[in-house]
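Here the sequence shown is numbered in the working numbering, starting from -16 and rising by one per residue. Even glycine gets a Cβ: it sits at the ideal position worked out from N, Cα and C. Fair warning: this is a prediction, and the values are worked out from it, not measured in the lab. Have a look at the structure below before the remarks.
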Amino acid sequence: MPEGLEAEIYAVAAAQVVGHRIISIDVDERCADPREMASLVGRDIIGIKRHGKRVAIVLDGARLEMYFAMTGRLIVNDVAPITALEYGPVEERNEWDRLVVVTAKGSLRVNDPRRWARFTLDPDWSTLGVDLMADEGDLADALSASRHRKISTKALLLDQGVIAGLGNMLVDEVLFHVDIDPRRPFSSLTEDELTRLGQQISTTVSELGGRGGSHTGTLHPGIRRAHAVCPLDGTPLERVTLAGRTTFFCSQHQR
Ligand SMILES: [Zn+2]
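Right under this line is the structure:
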């Protein structure tokens, strides 16, 4: 599933169809209600909205959320802004198109071999927390408001109701650079650690965003697969499951 950085790449690419009227919509009936989608033909696309990992096409009078799941890819005017997701095939077949939106000035498609993509009209985003690209102060406030919670720091950062858009790779990367053990109860973090955590989220999001996505950090997929050592101190990286997600960290410098 794309993290907030990938959702942002999608939102930027999808903006190419803003300002144009929908001529036709084809949808796989297993991914959305075809009648609901058909009702959107003739409407103008007036914007693209992203919050956290979620992306919606804003129409006059409605919003259409595109959920990409694990293997879905967005293709705008026949160009895929993200060429290969970590678990997705590089191959692309027409029969894997789950949504095809055609406008007078181009098209937007969601291609998903596994058919897990979903398209929802007028989604409820009210439970989402502050966006991962918010400024440092807002991130710090969101963390501070959750400081009583005893769940692991990893689980807290994955909670989309606290900060929306952080996923597995980004969270591991942030904690690696801020020297915090992902297993620590969030309530054990000091005031100083909370402040540094907010700053590090901002820094990591901006750096990895500039490099092209959440897979471009120090703990990139290659390092994770290789069971490598910590590039800072040579300690073998630990691999545990936290909040249901495979988590990598260094027990030497992350405390
Ligand atoms: Zn280390």
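- Phe102 is positioned such that its CB atom lies closer than 8 angstroms to that of Met20.
- If you look at Asp9, you'll find it in the beta strand (DSSP E) that goes Ile5 to Val10.
- Only residues of its own chain outside the window of five on either side were considered, and among them Ser135 have a CB closer than 6 angstroms to the CB of Arg166, listed in chain order.
- Approximately 4 angstroms separates the beta-carbon atoms of Gly55 and Ala100; this is inside 8 angstroms, confirming the contact.
- Going by beta carbons, Glu48 and Gly148 fall outside the 8 angstroms limit.
- Of the candidates Ala(-4), Glu78 and Val161, Val161 places its Cα closest to the Cα of Ser234.
- DSSP places Met116 outside both helix and strand once states are collapsed to three, so it counts as coil.
- Taking one beta carbon from each stretch, the stretch 224 to 231 and the stretch 127 to 143 have 3 or more pairs nearer than 8 angstroms; the two touch.
- Set against 7 angstroms, the gap from the CB of Thr218 to the closest heavy atom of ligand 1 is smaller.
- Under the three-state reduction of DSSP, Gly181 is assigned to helix.
- Ile58 is bridged by DSSP to Arg92.
- The three-state secondary structure of Ala45, taken from DSSP, is strand.
- As the crow flies, the alpha-carbon of His198 is around 16 angstroms from that of Ala211.
- The stretch 177 to 235 is shown to contain whole alpha helix (DSSP H) runs of 4 or more residues at 204 to 209, in chain order.
- For Lys32, no alpha helix (DSSP H) segment is defined; the enclosing uninterrupted segment is the beta strand (DSSP E) at Ile28 to His34.
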